[in-house]
Amino acid sequence: MSLISCKNVCLKYENTCVVSDLSFEVEAGDYLCIVGENGSGKSTLIKAILGLKETASGHLHMGEGLTGKQIGYLPQQTTAQKDFPASVYEVVLSGCLAGKNGRIFYSSEQKKLARENMEKLDILSMKDRCYRELSGGQQQRVLLARALCATKKMLLLDEPVNGLDPLVTADFYSIIRKLNAEGITVIMVSHDLYAAVNHADHILHLSRGGSFFGTTEDYKKSDIFKMFSGGDMSD
Numbered sequence: 002m003s004l005i006s007c008k009n010v011c012l013k014y015e016n017t018c019v020v021s022d023l024s025f026e027v028e029a030g031d032y033l034c035i036v037g038e039n040g041s042g043k044s045t046l047i048k049a050i051l052g053l054k055e056t057a058s059g060h061l062h063m064g065e066g067l068t069g070k071q072i073g074y075l076p077q078q079t080t081a082q083k084d085f086p087a088s089v090y091e092v093v094l095s096g097c098l099a100g101k102n103g104r105i106f107y108s109s110e111q112k113k114l115a116r117e118n119m120e121k122l123d124i125l126s127m128k129d130r131c132y133r134e135l136s137g138g139q140q141q142r143v144l145l146a147r148a149l150c151a152t153k154k155m156l157l158l159d160e161p162v163n164g165l166d167p168l169v170t171a172d173f174y175s176i177i178r179k180l181n182a183e184g185i186t187v188i189m190v191s192h193d194l195y196a197a198v199n200h201a202d203h204i205l206h207l208s209r210g211g212s213f214f215g216t217t218e219d220y221k222k223s224d225i226f227k228m229f230s231g232g233d234m235s236d
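Numbering-wise (this note's numbering), the sequence shown opens with residue 2 and increments by one.
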């Protein structure tokens with residue numbers, strides 16, 4: 002069974018249909034990039050996947066017991082979030098919040114998970130540092146560790162390299178690819194077609210004139226890719 006099955010979905014924003022007749026599936030272990038111009042419905046679709054927005058029509062079904070709360074979500078950062086006055090450890094541990102089940106304190110297992118994910122992303126040595134004092138790339142590693150604390154199945158990343166320099170961007174993409182190879186399903190929203198076709202194995206392109214869903218190889222042969230890229234891109 003697919004982790005996500007979307008069939009003929011219509012999504013509205015302020016009573017206007019921004020996504021219509023959308024169908025796609027996400028299987029366990031997939032690496033899907035969602036691309037498209039501004040206003041094509043990417044943000045609205047993210048909310049629907051997270052269970053924060055209902056479909057106007059069609060069906061959006063989660064399989065294997067997956068719910069919005071079991072998706073590790075890394076949103077676009079605001080200026081206020083970048084200046085958050087908490088330690089790295091506190092930020093990462095907050096990813097376990099949904100699993101507290103009404104308890105006041107985090108369990109020893111949750112604290113262990115936070116440390117394991119910090120170690121996995123090579124930020125354990127900065128666990129006591131203030132989050133707002135970190136570089137942009139370090140902050141994204143912290144937020145990724147936080148997202149991993151919320152899930153063992155799926156990461157949903159919204160423009161995760163926005164504002165990062167090229168070297169940090171390349172490093173972050175390498176981390177995501179490694180996590181995907183370890184079995185984590187990845188859905189990444191990106192405005193960067195070049196990055197999408199060089200990292201993802203499936204592409205969902207949203208456009209006011211329609212949508213494309215398929216493998217990356219099929220996407221690179223499609224008319225919609227040629228239209229928005231200005232032609233073929235070499236790997």
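For every residue, glycine included, the Cβ atom is placed at its ideal position computed from N, Cα and C.
Does residue i pass the burial test, meaning 16 or more other C-beta atoms within 10 Å, or should it be called exposed?
| i | result |
| --- | --- |
| Ser175 | exposed |
| Thr17 | exposed |
| Met228 | exposed |
| Lys43 | buried |
| Thr186 | buried |
| Arg104 | exposed |
| Gly73 | buried |
| Leu53 | exposed |
| Gly210 | exposed |
| Thr217 | buried |
| His203 | buried |
| Gly184 | exposed |
| Ala182 | exposed |
Per DSSP, which one or two residues make a beta bridge with residue i?
| i | result |
| --- | --- |
| Phe25 | Cys7 |
| Lys13 | Cys18 |
| Ser212 | Leu207 |
| Met63 | Ile5 |
| Cys131 | Ser88 |
Quick one: grab the DSSP three-state call for residue i.
| i | result |
| --- | --- |
| Val143 | helix |
| Thr186 | strand |
| Asp159 | strand |
| Ser109 | helix |
| Leu51 | coil |
| Gly96 | helix |
| Gly122 | This sequence places Leu at residue 122; Gly is not what is there. Note: Leu122 maps to coil in three-state DSSP. |
How big is the Cα-Cα spacing for residue i and residue j?
| i | j | result |
| --- | --- | --- |
| Leu144 | Asp224 | 36 Å |
| Leu26 | Val10 | The amino acid at residue 26 is misidentified as Leu; the sequence shows Glu. Between Glu26 and Val10, the C-alpha separation is close to 12 Å. |
| Asp159 | Val190 | 5 Å |
| Ser21 | Ser230 | 23 Å |
Q) Are the stretch 113-121 and the stretch 34-41 touching, with three or more C-beta to C-beta distances below 8 Å? A) Put simply, the stretch 113-121 does not touch the stretch 34-41. Fewer than three CB pairs are less than 8 Å apart.
Q.
Check whether the stretch 127-147 and the stretch 83-93 touch, using three or more Cβ-Cβ pairs below 8 Å as the test.
A. The answer is yes - the stretch 83-93 touches the stretch 127-147, with three or more Cβ pairs under 8 Å.
Q. For the stretch 103-114 against the stretch 157-165, are there 3 or more C-beta pairs whose distance is under 8 Å?
A. As far as the Cβ criterion goes, the stretch 103-114 does not touch the stretch 157-165, which means the pair count is below three.
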